[in-house]
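Down below is the structure, laid out as structure tokens.
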Amino acid sequence: MPKQPVPAIGIDLGTTYSAIAKIDDTGRPITLPNGEGDLLTPSVVLFEGTNVVVGKEAVKALVTEAEDVALCPKRDLGNRAYHKALHGRQYPPEAIEAWILKKLKDDAAKQIGDFQQVVITVPAYFDEVRRKATQDAGYMAGLEVMDIINEPTAAAVAFGFREGFLNAEGIATEPKNILVYDLGGGTFDVTVMEIRGNQFTALATDGDVRLGGQDWDQRLMDLVAEEFIRHHRLDPRDDPNVVGRLWRECEDVKRTLSARAKASIACDFRGQAVRVELTRQKFEEITRDLVDRTLFTTRQTLQAAGLAWANVDRVLLVGGSSRMPMIRDMLVKLSGKEPDTSVSADEAVAHGAALRAALILARSNGEPPRFHIRNVNSHSLGLAAIDPQTKRKRTAVLIPRNTPLPIAAKRTFKTEKANQRSILVQIVEGESASPDDCSQIGRCTVRDLPPNLPAQTPIEVRFRYLENGRLTVNVEVEGTNKKLQHEIARENSLSPEQLDMWRQYISGIAPGAGPKSQE
Ligand code: AMP
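Under our numbering, the first residue of the sequence shown carries the number 53, and numbering increases by one thereafter.
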């Protein structure tokens with residue numbers, strides 16, 4: 053029997069919805085429906101003892117068992133544990149993400165046969181810690197994550213493919229600048245990309261990992277709750293099951309208001325009820341500051357790319373929340389251009405990831421690549437150093453944000469005192485001059501330095517930052533044989549042993565209650 057070719061699979065692991073796509077026999081990306089027949093799977097997980105339910109059914113459980121439901125675990129990536137216990141137990145957010153990936157994988161495998169190799173997307177604005185957690189989630193789900201790529205880059209690739217930039221014959225020579233505005237359920241990303249023939253280059257990227265459709269839902273929920281309090285002196289937000297029901301209702305009404313000028317939301321709680329009539333205009337008023345936050349970031353990103361609106365050929369809308377008319381209106385006003393919605397807001401990211409997977413698989417078969425991707429880093433990377441003048445801690449940047457990747461950078465520091473026996477290297481990511489206000493990526497200690505090392509001995513620190521946003525660090529102390537190729541010890545990361553235990557548990561190989569709870 054001929055060997056089945058390895059399928060090229062891409063996964064959009066979204067905050068509120070996830071999708072999985074493959075490249076079909078004609079070379080085009082298609083979304084694979086889940087077991088319920090839907091193209092999108094809610095990123096919602098219900099824990100009922102050892103039984104774990106993902107997707108639509110978990111959303112339904114929000115009305116009755118809200119306490120045991122994990123909503124948007126992606127927002128908690130980078131933390132040690134999900135922000136609440138589920139069925140009496142703490143879980144690392146990446147393990148919850150792994151259950152979502154496993155459902156996508158199992159449902160897809162029923163249609164196309166088993167597979168392991170995938171590309172998973174992440175918001176461009178994700179830091180190193182969250183990227184690592186996403187890769188770990190893939191591992192725990194029994195997948196082999198060939199690469200992680202940025203969501204807006206994936207969307208741009210899907211767009212480029214549609215436009216024919218990637219067809220051997222149709223390669224466009226005219227460079228095109230596109231701005232990808234990606235407002236999903238929980239994150240916002242904006243990226244400026246240049247497409248020159250089959251070369252996709254990110255020029256600048258920025259965003260907000262805590263801004264998305266959920267914030268619009270929350271505004272509606274607060275509005276209804278305030279009406280409730282006004283009428284009945286009761287706050288429906290006190291009951292998690294009512295909150296679950298109200299959230300579903302508000303999310304629905306939000307979608308209605310994308311199509312209609314008015315809608316109403318009903319809420320009942322402890323035998324009392326209110327009905328709130330809402331116009332689109334009112335909804336836009338109570339969420340204007342959220343839109344403005346995205347406007348501000350969009351403007352800044354364009355500036356960082358060194359472009360004016362006149363140089364932008366297309367404004368590409370992706371992410372489900374970009375369907376809200378207020379987003380389109382804001383962008384028309386800001387850019388003077390009608391945004392492009394030609395790629396499906398929900399599927400573009402998964403499609404781009406599948407195209408990327410096809411590229412990697414082709415390369416491993418020795419075939420020439422059909423397109424190239426060049427990314428930039430979304431946060432500055434550096435070390436916590438002591439300023440020799442002020443003796444205060446200061447961020448010493450090795451790789452400024454928006455640097456094209458991959459990149460290697462080095463910087464020389466000096467030991468502080470004579471006879472120093474160890475050096476602590478603390479790696480940080482962010483834009484603040486104070487390392488304490490940056491995100492802590494990890495730390496490593498160079499120990500057992502030879503005695504009598506003079507003060508001011510040079511220490512060379514090298515960073516190697518890959519296209520997928522993963523980092524390796526080398527430290528060398530001059531005049532000694534101390535060299536450290538560092539696997540950073542991450543504060544909140546799971547150990548390889550823990551990852552293996554979770555992988556077995558999630559796959560159902562290891563019976564029982566699974567790995568020990570996180571502290
Ligand atoms: P994504 O993570 O890209 O799948 O985006 C999901 C988010 O898009 C959720 O917050 C949805 O409520 C929101 N969304 C999807 N469709 C619409 C719509 N027609 N109008 C407003 N928001 C929408």
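Even for Gly, the Cβ is constructed at its ideal location relative to N, Cα and C. Everything numeric in this text was worked out from a predicted model, so none of it was measured.
Linking V428 to E117 through their CA atoms gives a straight-line distance of about 42 Å. No heavy atom of ligand 1 is found nearer than 7 Å to the CB of M382. At least 8 Å separates the beta-carbon of V370 from that of V343. In the three-state DSSP reduction, C319 falls in the strand class (E or B). Shortest gap from the CB of E303 to any heavy atom of ligand 1: under 7 Å. Here the alpha carbon of A147 sits roughly 41 Å from the alpha carbon of K466. The beta carbon of H403 is closer than 6 Å to those of A73, P81 and A210 in its chain, skipping five residues each way along the sequence. The region 254-265 makes contact with the region 237-245; the number of CB pairs closer than 8 Å reaches 3 or more. Beyond the five residues adjoining it in sequence on each side, Q187 comes within less than 7 Å, by CB distance, of V197 and I200 in the same chain, given in chain order. Under the DSSP definition of a beta bridge, Q492 partners with V480. Q266 has its CB nearer than 7 Å to a heavy atom of ligand 1. Residue environment for V326: buried (at least 16 other C-beta atoms within 10 angstroms of its C-beta). A406 has its alpha-carbon roughly 11 Å from the corresponding atom of E399. Between G62 and A397 a beta carbon distance of about 16 Å is seen, past the 8 Å cut, so the two are scored as non-contacting. For S70, the secondary structure class from DSSP, reduced to helix, strand or coil, is strand.
Taken atom to atom, the span from the alpha-carbon of G482 to that of L450 is near 11 Å. Pairing F423 with A414, the inter-Cα distance amounts to about 11 Å. Note on the region 429-475: whole beta strand (DSSP E) runs with a minimum of 3 residues are 433-438, 445-451 and 459-466, in chain order. Taken atom to atom, the span from the alpha-carbon of L195 to that of V170 is near 7 Å.
The bridge partners DSSP lists for M245 are I230 and A254.
In chain order, R375, M376 and P377 place their CB closer than 8 Å to the CB of S310, counting only its own chain and leaving out the 5 sequence neighbours on each side.
In the DSSP assignment, T331 falls within the beta strand (DSSP E) that extends over Q324 to T331. In the three-state scheme derived from DSSP, where H, G and I count as helix and E and B as strand, Q556 is classed as helix.
CA-to-CA, the gap between G494 and D260 works out to about 22 Å. Pairing K126 with G531, the inter-Cα distance amounts to about 45 Å.
Put simply, the backbone Cα of V104 is about 13 Å away from that of R141. Here DSSP, grouped into helix, strand and coil, assigns K535 to strand.
The region 273-281 and the region 249-260 do not touch, with fewer than 3 CB-CB distances between them shorter than 8 Å. The beta carbon of G521 is closer than 6 Å to those of R183 in its chain, skipping five residues each way along the sequence. According to the DSSP secondary-structure assignment, D344 is paired through a beta bridge with no residue. DSSP, reduced to helix, strand and coil, places L138 within a strand of the structure shown. The Cβ atoms of T257 and A176 sit closer than 8 Å to each other. DSSP, read as helix, strand or coil, puts E303 in helix. Under the three-state reduction of DSSP, L275 is assigned to helix. From the listed residues L476, V401 and D320, the smallest Cα separation to E528 is found for L476. Annotated three-state conformation of Y517 is strand, per DSSP.
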